[in-house]
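Quick note: the numbering used here has the sequence shown finishing at residue 139, numbered continuously throughout.
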Amino acid sequence: MRLLVYFSLLLILPLAGWAQERTLSGRVTAEGGQGLPGVNVLLKGTSIGTSTDAEGRFTLRTTTTDGTLIFLRLAT
64 MRLLVYFSLL LILPLAGWAQ ERTLSGRVTA EGGQGLPGVN VLLKGTSIGT
114 STDAEGRFTL RTTTTDGTLI FLRLAT
């Protein structure tokens, strides 16, 4: 019985590492280097997204280790 418990723990513990949350941050800028506020940043294929702040900075939290970011800005 003890062996079965140890074996089960060995199988389950690595799964806890895969579900860890990661933080992705960056800055969206124009050609001149100034930050772009109000740009929507989305992780493709998910509902995870945010908008850039006044300096063009953003932060996303996700559990995935790969993906594609989509940047959307409505022209005014």
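We treat Cβ as the ideally placed atom computed from N, Cα and C, and that holds for glycine.
7 Å Cβ cutoff met for residue i and residue j
i: Thr126; j: Glu84; result: yes
i: Gly98; j: Leu105; result: no
i: Gly119; j: Val91; result: yes
Reduced DSSP category for residue i - H, G, I as helix; E, B as strand; rest coil
i: Val102; result: coil
i: Arg90; result: strand
i: Thr115; result: coil
i: Thr126; result: coil
i: Leu132; result: strand
Straight-line gap, residue i to residue j (C-alpha atoms, nearest Å)
i: Leu135; j: Leu87; result: 17 Å
i: Gly101; j: Ala138; result: 11 Å
Exposure label - residue i; buried when at least 16 CB within 10 Å
i: Thr131; result: exposed
i: Gly115; result: According to the sequence displayed, residue 115 carries Thr and not Gly. Burial call: buried.
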